[in-house]
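Every letter in the sequence shown is one number past the one before it in my numbering, and letter 16, counting from 1, is 29.
Each residue gets a CB set at the ideal place from its N, CA and C atoms; glycine is no exception.
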Amino acid sequence: MRIWPARDWRRRMLWQLFCRFDVGRDLHFDETGGRVAWDATAPIPSNKGPLPVRRWPGMTLHDPEVAERVDAWLAEGGY
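See below:
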């Protein structure tokens with residue numbers, strides 16, 4: 014099982030920010046459009062309103078062999 018090393022906290026934080034985020038629901042602008050607020054609270058699941066609110070997706074953990082193959086594949090592509 015691959016676990017994020019402590020040094021990768023920034024990568025994990027960015028993953029969580031961008032994968033657990035709904036632009037239409039979580040960004041709020043003031044009347045002039047000069048300021049924005051990002052609602053980062055955990056969603057409470059609900060079916061009320063025009064759109065359902067779902068729980069955030071869980072972190073995925075991968076078998077070390079699969080992670081190594083993906084890393085090698087990305088390296089071949091220059092990433």
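Per-residue DSSP class, three states only, for residue i
i           : result
residue 94  : Absent from the model: residue 94. The displayed extent of the chain is 14 to 92, so no value can be given.
residue 86  : helix
residue 160 : The requested residue 160 does not occur in the structure, where the chain is confined to residues 14 to 92.
Beta-carbon proximity check, residue i vs residue j, cutoff 8 Å
i          : j          : result
residue 70 : residue 33 : yes
residue 68 : residue 56 : yes
Close-in-space but distant-in-sequence residues of the same chain around residue i (CB under 8 Å, 5 per side omitted)
i          : result
residue 40 : 49, 50, 51, 52
residue 47 : none
residue 91 : none
Euclidean distance between Cα positions of residue i and residue j
i          : j          : result
residue 84 : residue 22 : 18 Å
residue 87 : residue 28 : 18 Å
residue 61 : residue 82 : 43 Å
When the options are compared against residue i, the one with the closest alpha-carbon
i          : options        : result
residue 25 : 74, 62, 42     : 74
residue 31 : 91, 43, 72, 47 : 72
Spatial neighbours of residue i in its chain, beta-carbon cut-off 7 Å, leaving aside the 5 residues before and after
i          : result
residue 58 : 66, 67, 68
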